[in-house]
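K.L.:
Numbering (the working numbering), first residue to last: 39 to 356.
Using N, Cα and C, we set each Cβ at its ideal position, and we do this for glycine too.
Encoded structure:
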């Protein structure tokens, strides 16, 4: 991944979000707060599910993986974005740019497949409850996660293969706070019309198609729940509404950014921030505030932590 033998550009200048010093301070506080909250929230979910035997089920196994992936989504671009707020020259090397794009699309592609797996999990749990533990066994869940990571990796490498050797002769200014394929391709000093189409087909159309499949799947599940309403229907509806909200938050910005791969509207930067920072922050809130089992498990976890502190305090007093 050396960016080609004919590139005169070795780094890109990121224009960032604003040149106003006052706005940069506000953004620093805003982004830092959301980033820390996102990391702590998602790691808390992972640790709660691992430590609580009541949550050792396929649904929570997949939720823990979603939270783990969201820590990666937050960390691919946000730390550098926060760091760059106080730099006059916001630069990223050519190799660093390619590396960032690789991780963004590997993690993003993996989460895309994981959301499909979570929809399948809910379909089996609601429509085939007697066979749920047989179909969604631990081995099956691990296999599905391996498939998700493999597809995410293939999705990312397939795009990098077309752009990694593009020549860059200048200019090197990128009107963004992170690297992504649309703006990266636009700076190449060759005709990139076909590459623009490939990026749209790979990221945009796949996002639209996957989003459509997920929405249709959830509508089918909701109809099934309505037809076979029982005492557990409210719980199923609550879980499904959380899943649908996450799907909309995740796919909405992706579809807008990649279906129109070279937008000029300022909303593009907002959507990028939403996808990289707000969505990973919202996922823990969506899944914990509306999930009684998660809230009960977190209370048990905090109780254990407090009891351990009290014991250690009593021991140290002797």
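Quick test of your reading: residue 116 and residue 69, contact by CB under 8 Å. State the CB separation rounded to the nearest angstrom.
P.N.:
The Cβ separation is near 7 Å, so the contact holds.
K.L.:
Please report how far the alpha carbon of residue 40 lies from the alpha carbon of residue 338, in whole angstroms.
P.N.:
Residue confidence is low: residue 40 scores 46 on pLDDT, short of 50, so the model does not pin down where it sits. No coordinate-derived value is stated.
K.L.:
Take every Cβ of the segment 277-290, pair it with every Cβ of the segment 192-205, and state whether three or more of those distances are shorter than 8 Å.
P.N.:
The segment 277-290, when compared against the segment 192-205, does not touch it at the 8 Å Cβ threshold.
K.L.:
Among 55, 137 and 49, which one has its Cα closest to the Cα of residue 305?
P.N.:
Nearest of 55, 137 and 49 to residue 305, Cα basis: 55.
K.L.:
Residue 80: buried (16+ other C-beta within 10 angstroms of its C-beta) or exposed?
P.N.:
Buried: at least 16 other Cβ atoms inside 10 Å.
K.L.:
I'd like the list of long-range same chain contacts for residue 227, defined as Cβ closer than 6 Å, with 5 residues on each side in sequence excluded.
P.N.:
Here the set comprises 205 and 207.
K.L.:
Taking the straight line between their C-alpha atoms, what separation do you get for residue 257 and residue 110?
P.N.:
The straight-line gap from Cα to Cα measures roughly 30 Å.
K.L.:
Which value, in whole angstroms, describes the spacing of the CA atoms of residue 327 and residue 77?
P.N.:
Going by the C-alpha atoms only, they are around 17 Å apart.
K.L.:
Please name the residue, chosen from 254, 129 and 72, that lies closest to residue 216 on a Cα-to-Cα basis.
P.N.:
Among 254, 129 and 72, the Cα nearest to that of residue 216 is on 129.
K.L.:
With distances taken between CB atoms, is the gap from residue 83 to residue 332 smaller than 9 Å?
P.N.:
Closer than 9 Å, so yes.
K.L.:
Determine the direct distance from the alpha carbon of residue 46 to that of residue 95, and round the result to whole angstroms.
P.N.:
Cα-Cα distance, rounded: 53 Å.
K.L.:
Return the residue from the list 127, 104, 99 and 230 that minimises the CA-CA distance to residue 174.
P.N.:
For residue 174, the nearest C-alpha among the options comes from 99.
K.L.:
Taking only the alpha-carbon atoms, compute the straight-line gap between residue 177 and residue 73 and give it to the nearest angstrom.
P.N.:
Distance between the alpha carbons of residue 177 and residue 73 is about 33 Å.
K.L.:
To the nearest angstrom, how far is it from the Cα of residue 322 to the Cα of residue 163?
P.N.:
Residue 322 and residue 163: Cα-Cα distance of roughly 22 Å.
K.L.:
I'd like to confirm the pairing. Which residues does DSSP put opposite residue 224 in its beta bridges?
P.N.:
Residue 224 pairs with nothing; no bridge assigned.
K.L.:
I need the DSSP call for residue 337, collapsed to helix, strand or coil.
P.N.:
Helix at residue 337.
K.L.:
For the beta strand (DSSP E) that contains residue 52, what are its first and last residues?
P.N.:
It spans 49-52 - the beta strand (DSSP E) in which residue 52 sits, taken as one unbroken run.
K.L.:
Would you kindly work out how many angstroms separate the C-alpha atoms of residue 182 and residue 189, rounded to a whole number?
P.N.:
When rounded, the distance between both Cα atoms is 10 Å.
K.L.:
Does residue 56 come out as helix, strand or coil in the three-state DSSP assignment?
P.N.:
Of the three classes helix, strand and coil, the one that applies to residue 56 here is coil, per DSSP.
K.L.:
Comparing C-alpha positions only, which one of 49, 336 and 346 sits nearest to residue 89?
P.N.:
Of the candidates 49, 336 and 346, the one whose C-alpha sits nearest the C-alpha of residue 89 is 336.
K.L.:
Quick one: what's got a C-beta closer than 7 Å to residue 160's C-beta in the same chain, skipping five residues either side?
P.N.:
259, 277, 278 and 281.
K.L.:
Below 7 Å CB to CB, which residues in the same chain sit around residue 340 once its five sequence neighbours on both sides are set aside?
P.N.:
Same-chain partners within the cutoff: there are none.
K.L.:
Which of helix, strand or coil does DSSP assign to residue 126?
P.N.:
Coil.
K.L.:
Among the candidates 179, 143, 142 and 146, whose CA atom is the shortest distance from the CA of residue 155?
P.N.:
The candidate whose alpha carbon is nearest that of residue 155 is 179.
K.L.:
Let's see if you can read the secondary structure: which residues bound the alpha helix (DSSP H) around residue 321?
P.N.:
First-last of the alpha helix (DSSP H) with residue 321: 317-327.
K.L.:
Residue 149: buried (16+ other C-beta within 10 angstroms of its C-beta) or exposed?
P.N.:
Under this definition residue 149 is a buried residue.
K.L.:
Select from 50, 124, 308 and 87 the residue whose C-alpha is nearest the C-alpha of residue 67.
P.N.:
Nearest C-alpha to residue 67: 124.
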